[in-house]
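> Let me give you the structure first, and then I'll get to my questions.
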Amino acid sequence: MNLSFHQQIFVRTANESFDDFNYDDLRVIIKERRFQHAIFFASETLHSELHQRDFVYDDLPEKVRTSLKKYYNRLCFRATPFGLFASTGIISWGKNHGASVQTLSRSAYIYPDFPLLLNIYRDEATRVHDLQTYLANNTIYRVSNGYRYISFIKDINGNRFQLNSLERNSFLSKILIYGREERTKQQLVQYCVDQGVDSNEAAYFIKQAIDGNLFYQGLVPRHVGEPYFLKLFTLLDRSGMSDSQRMEIIDLFSRPYKQGNIPLMKILEIGRNFRPRHPLNKFYVNSTATFNNCLPEEYQAKIMEGLMCLDRLSSNDQPPALKKFKKDFLARFDKQVVSLANALDPELGIGYADLAAKISDNILLEDLHHEPVYQEGNPTFGPLHQLLVKKLQQAQPYESITLNDNDLDMLPLPNSLFPPSFSVLFQLKGEFVVMEKVGGVSGAALPARFAVFNKDLEAYTNEIVSQEQKINDQVVFAEVSAMIDGKAANVVTRNKTYEHEISILLAPSVESHRNIGLDDLYISVVDDKIILRSRKLNKVIIPRFSSAFNYNRHDLSIFRFLCDLQYQSVKSDFSFSFLKLFPGLSFYPRLVYKFCIISRATWVIGHSELNLIFYSPEPEIACKQLWSQINLATRFTISDQDNEIFFDQKWVGATALFISMIKNKTSLTLKEAILPESTMIKDMNGRSLANEMVACIINRDNVYSPVPAPPTGYPKRIGRGHIPGDEWLYYKLYGAPVTLTKIIEKPLYDLIRKLSRSELLNQWFFIRYYDPMPHLRIRIRLDRKHLGRAIPIFNAIFNKLYQSGALSLIQLDTYSPELERYGIDHYPMVENIFQSSSRCAMKFARHYRNGRIDNFSLGTVLLMVHHILLILSPDLPQRQKITHGIVCRFSEEFIDKPHRVLLNQKFRKCKGLISDALEGAGETKLLNKLEFGLLLNQIRSLNVSLSGESSQMRLSLFTDIIHMHLNRLFMEEQRRQEFVIYYLLEKYYTMMLSRNKS
1412 MNLSFHQQIF VRTANESFDD FNYDDLRVII KERRFQHAIF FASETLHSEL HQRDFVYDDL
1472 PEKVRTSLKK YYNRLCFRAT PFGLFASTGI ISWGKNHGAS VQTLSRSAYI YPDFPLLLNI
1532 YRDEATRVHD LQTYLANNTI YRVSNGYRYI SFIKDINGNR FQLNSLERNS FLSKILIYGR
1592 EERTKQQLVQ YCVDQGVDSN EAAYFIKQAI DGNLFYQGLV PRHVGEPYFL KLFTLLDRSG
1652 MSDSQRMEII DLFSRPYKQG NIPLMKILEI GRNFRPRHPL NKFYVNSTAT FNNCLPEEYQ
1712 AKIMEGLMCL DRLSSNDQPP ALKKFKKDFL ARFDKQVVSL ANALDPELGI GYADLAAKIS
1772 DNILLEDLHH EPVYQEGNPT FGPLHQLLVK KLQQAQPYES ITLNDNDLDM LPLPNSLFPP
1832 SFSVLFQLKG EFVVMEKVGG VSGAALPARF AVFNKDLEAY TNEIVSQEQK INDQVVFAEV
1892 SAMIDGKAAN VVTRNKTYEH EISILLAPSV ESHRNIGLDD LYISVVDDKI ILRSRKLNKV
1952 IIPRFSSAFN YNRHDLSIFR FLCDLQYQSV KSDFSFSFLK LFPGLSFYPR LVYKFCIISR
2012 ATWVIGHSEL NLIFYSPEPE IACKQLWSQI NLATRFTISD QDNEIFFDQK WVGATALFIS
2072 MIKNKTSLTL KEAILPESTM IKDMNGRSLA NEMVACIINR DNVYSPVPAP PTGYPKRIGR
2132 GHIPGDEWLY YKLYGAPVTL TKIIEKPLYD LIRKLSRSEL LNQWFFIRYY DPMPHLRIRI
2192 RLDRKHLGRA IPIFNAIFNK LYQSGALSLI QLDTYSPELE RYGIDHYPMV ENIFQSSSRC
2252 AMKFARHYRN GRIDNFSLGT VLLMVHHILL ILSPDLPQRQ KITHGIVCRF SEEFIDKPHR
2312 VLLNQKFRKC KGLISDALEG AGETKLLNKL EFGLLLNQIR SLNVSLSGES SQMRLSLFTD
2372 IIHMHLNRLF MEEQRRQEFV IYYLLEKYYT MMLSRNKS
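According to our numbering, the sequence shown is numbered sequentially starting from 1412.
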């Protein structure tokens, strides 16, 4: 693990000091312009109430005073960015020895509200069709008989996505290619005319294409890069706005303002006169700050210790929808390389996260969508639970719990793959570091939206991304950007940091050659990982969504998939939660490790306790009694939706405010507030500011290992499927495993002999399968001219088995060759190997009666696998290394400490048998009897043909062949038995290496 800190720190501070905080000060604060401006941009309704009463605090209704107290509380105690209530900036790590970090300046930036801009765009765009440029919809993808694309529509039902279909023809293909670059409407019409289309028909077609979202305006909104309003105002310039008017508006919304000196009346006046239909009266506001001095580097070691502790305490969960998608993809496509859009298509593919209904027009279901719940099973009581239960039992009531290195040694060593960079959000309390939140897949994500207003933050995020890409040069990172409507569009607007972009229904912020279209993306599953690749770049693509926005609220499957995919394989969440581990407790103590506070003390107050306050004749006294009974911290926080309010029990009026916030609640979660008397970061007057610091940790190791390019140079649909009645017949015979083995042993054996003697059979093989019940999959290749003779033979034999009850179900299915798994060039040889393997397995079952594995048959199986591995690698050390790697992969699925002990005991018990089988000559005659020699010769021929392939590809193909052969030999639990075979061989090879050295 090679981790290091970025030299700079992203800082968030409250905009007012908490020193000497007192709600009575609101009588003065309410008169200050900077506070009035902060209230205006947060809530125009509240500002209007204050204005009507001339900002006299004592004239305000109690409800308005309560709202004002919450805002003032936020202004002083919460550093999370929100309008003019908190600021963001940059400081550096350094050799600071106790000196404070002082705020030097603070600036405000005021942008037009994004939903407002969207309405202006939609209205103005329809008026100036001929002046605009257009682009082909960037969600277009090909399907078998046409095109499909997604459109974003606004109707009486609100904003929604819609999936559209078009029939494909050569003209449509040409115009879509032509439209990949920005074109005017006239250019598009002229292109159609040049293709031989009548001018009137061409004009009508282009109008219909634009109205149907097949083409969208070049001024379509974007969330990445230069602020959208700057580009939008170029359109307004063309639609009647003078240069001076346009420049005045651009200047108004581009310049920084000192807080308290915002020309609010001027902004509102110009906004009112901007457009009669669309006045600029809604705003998105941010505050930035600059600081002197630096943060002492000594805290880095403490943060790193806290990180290592959290790595032990946290799990490595992956998005549940992504895990389900991978499982469904393998079941449907196996090792195919598939167009991403086709894979996510709700009809042609497998969709994603059950989102298909959300882009449908089903009026019955339009208001009934809900997020699917993916069952992960109940959390198991493991070593972490045992450790914490012990600590809880040893601790005094309401006492903190302290972990040490010996405690952590009781927990399993994590096998975490850290992302290229990630964030550590922390606070300082004296010599302690409070680990608030650790995780993410890029340290650039949290500050990205604030980099739009701050050149220092822009350079900071760009440098992080540059280092990520330089270290992980085998892949391409690409920003994902999709249409997000409503207020959330403000917070997803962010700086352009990545060189490549995947834009969905938005204008890209990068040049066309760096914009990755959906039709350029292909996916496959390699080594249990979903691989996303750009055909144009021939590179693996790692998506990035550089925003703290909860993308799970979005309804578009392609966007959700790409956002989920960024978390694959890496550990992105180091959260520790007492509540999740032990739900239902009323108190969770503070957890400390060395100089790190891992989690804050937490109280959960139930409905019955809240009722003691609600129904008390003296609620404030009841409130104080409850605080005392539960030993509540003097300083604590309470969350009210998106607001977190700080409380100090010593404040006058604290109980009244608390009671006003808990009305209509059935339960309440309170946390201790860890706020020092004096913070390191000060305002311009030297007073303490509540703050949060976000360190970026860079992973200097390459996270994403190279992935071989997918096979190329073969037709897309070659041999993709053989339906019943084609040259392949594919039967599924369902029954008990023992019965199926008996069928292999006699009826199937007789059937194959009969077909072979009648010269009806070209090729055949079988495998065992569970889907979901055990069955045989029998594939038989015939000349089509013989189908009429062969099918009655099958029916007679299989019907007899069905009528006798031996088979519970018989199905005919489509045979789809696994071309991607074995390779187009090698597949004919592989099918021959499958046939020889099936013949060998059939004779194995007949020789050992039902194929049961005893000491005799075990030796035969070990020898078979040993001979196949000898072809792959005659070198003993290399063979041992290969089997060791395979065992390690199986171990994640099957092995734990008790299981390993049992496996070692089995090897000791079978060691003599293994040596006799692999070193003696007694088994050779039996292998010949089983026709294993023919199988080996075919595998040798295949190995020769693989000489130009990578060692990884050869290993993958050989292990697949062994896997399929063992599948045919073993009657049940094939995968577990395969693991044991590899384990015994690996132990044997290790023993032989030791013997050779001695």
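Cβ coordinates follow ideal geometry from the N, Cα and C atoms, glycine included.
Whole beta strand (DSSP E) runs in the region 1414-1442 with 3 or more residues, listed along the chain?
The region 1414-1442 contains these whole beta strand (DSSP E) runs: 1414-1425.
> Mind checking who residue 1931 pairs with in its DSSP beta bridge?
Note: residue 1931 sits in no beta bridge, so no partner.
> Does the structure place the region 1580-1596 close enough to the region 1545-1560 that three or more beta carbon pairs sit under 8 angstroms?
With a cut-off of 8 angstroms, the region 1580-1596 and the region 1545-1560 count as touching, because enough Cβ pairs lie within range.
> What residue range does the alpha helix (DSSP H) around residue 2398 cover?
Residue 2398 -> alpha helix (DSSP H) spans 2385-2408.
> DSSP on residue 1642, reduced to helix/strand/coil?
The answer is helix: DSSP assigns residue 1642 an H, G or I state.
> Alpha carbon to alpha carbon, what distance is there between residue 1914 and residue 1891?
Using only the alpha carbons, I get a separation of about 6 angstroms.
> Is the CB-CB distance between residue 2106 and residue 1420 below 8 angstroms?
Contact: yes.
> Please report the straight-line C-alpha distance between residue 1618 and residue 1626, rounded to a whole angstrom.
The alpha-carbon atoms of residue 1618 and residue 1626 are separated by roughly 9 angstroms.
> Thinking just about the alpha-carbon of each residue, which of 1554, 1628, 2218, 1693 is nearest to the one in residue 1528?
Residue 1528 has its Cα closest to that of 1693, out of 1554, 1628, 2218, 1693.
> Any chance the region 2011-2023 sits against the region 2037-2046, with 3 or more Cβ pairs inside 8 angstroms?
The region 2011-2023 is in contact with the region 2037-2046.
> Please work out which residues of its chain come closer than 7 angstroms, Cβ to Cβ, to residue 2124, disregarding the five sequence neighbours upstream and downstream, and give them in chain order.
Bear in mind that a pLDDT of 37 at residue 2124, under 50, signals an unreliable position, so the number given afterwards is only what the model happens to contain. Result list for residue 2124: empty, nothing under 7 angstroms.
> Grouping DSSP H, G and I as helix and E and B as strand, with all else coil, what is residue 1498?
Looking at residue 1498 - three-state DSSP - the assignment turns out to be strand.
> Could you give the C-beta distance for residue 2324 and residue 2269, rounded to a whole number, given that I count them as a contact under 8 angstroms?
That pair is a contact at about 7 angstroms.
> From the DSSP output, in three-state form, read off residue 2235 for me.
Residue 2235 falls in the coil class under three-state DSSP.
> Considering only their Cβ atoms, is the gap separating residue 1822 from residue 1803 smaller than 8 angstroms?
No, the pair does not count as a contact, with Cβ atoms beyond the cut-off.
> Applying the criterion that 16 or more other CB atoms from any shown protein chain within 10 Å of the CB defines a buried residue, is residue 1801 buried or exposed?
Result: exposed.
> Since residue 2361 and residue 2117 should fall inside the 8 angstroms C-beta cutoff, what is the C-beta to C-beta distance between them, to a whole number of angstroms?
The Cβ separation is near 10 angstroms, so there is no contact.
> Throw me the rounded Cβ distance for the residue 2380 and residue 2254 pair, which I believe falls under 8 angstroms.
Incorrect: roughly 11 angstroms between the Cβ atoms, too far for contact.
> Going by beta-carbon coordinates alone, are residue 1661 and residue 1644 separated by less than 8 angstroms?
Going by C-beta atoms, residue 1661 is nearer than 8 angstroms to residue 1644.
> Ignore the nearest five residues each way along the sequence and tell me which others in residue 1841's own chain have a CB closer than 8 angstroms to its CB.
So the list reads 2087, once near-sequence residues are dropped.
> Rounded to the nearest angstrom, how far is the Cβ of residue 1760 from that of residue 1753, given a contact under 8 angstroms?
About 5 angstroms; that satisfies the 8 angstroms criterion.
> If you measure between the beta carbons of residue 1418 and residue 1503, is that distance less than 8 angstroms?
Cβ distance < 8 angstroms, so residue 1418 and residue 1503 count as in contact.
> State the Cα-Cα distance for the pair residue 1888 and residue 1954, rounded to the nearest angstrom.
Distance between the alpha carbons of residue 1888 and residue 1954: 6 angstroms.
> By DSSP's criteria, residue 1942 is part of a beta bridge. Which residues make up the other side?
According to DSSP, which records beta bridges pairwise, residue 1942 is partnered with 1935.
> Let's see if you can read the secondary structure: which residues bound the beta strand (DSSP E) around residue 1696?
Element bounds for residue 1696: 1694-1702.
> Which residues mark the beginning and the end of the beta strand (DSSP E) in which residue 1357 is found?
The structure shown does not extend to residue 1357, since the chain is modelled only from 1412 to 2409, so the question has no answer here.
> So residue 1907 and residue 1636 are in contact, right, with Cβ under 8 angstroms, and what is the actual spacing, rounded?
At roughly 4 angstroms, the Cβ-Cβ gap stays under 8 angstroms, so residue 1907 and residue 1636 are in contact.
> According to DSSP, simplified to helix, strand and coil, what is residue 2214?
It is helical.
> Measure the C-alpha to C-alpha separation of residue 1999 and residue 2228 and round it to an integer number of angstroms.
Roughly 56 angstroms separates the two Cα atoms.
> For residue 2212 and residue 1829, which I take to be in contact (beta-carbon distance under 8 angstroms), what is that distance rounded to the nearest angstrom?
Not a contact, Cβ separation roughly 56 angstroms.
> Whose CA, out of 1584, 1711, 1757, 2386, lies closest to the CA of residue 2109?
Looking at the Cα atoms, 1711 is the closest of the given residues.
> Please go through the same chain and pick out, in chain order, the residues whose beta-carbon is closer than 6 angstroms to the beta-carbon of residue 2250, but skip the five residues on each side of it.
Taken in chain order, the residues that qualify are 2342.
> Could you check what DSSP says for residue 1926 in three-state terms: helix, strand or coil?
DSSP places residue 1926 in strand when its eight states are reduced to three.
> With DSSP as the reference, please indicate the residues paired to residue 1840 in a beta bridge.
DSSP lists 1843 as partners of residue 1840.
> Thinking C-alpha only, which one of 1857, 1987, 1988, 2054 is nearest residue 1956?
Among 1857, 1987, 1988, 2054, the Cα nearest to that of residue 1956 is on 1857.
> Quick one: what's got a C-beta closer than 6 angstroms to residue 1374's C-beta in the same chain, skipping five residues either side?
Nothing about residue 1374 can be read from this structure; the chain reaches only from 1412 to 2409.
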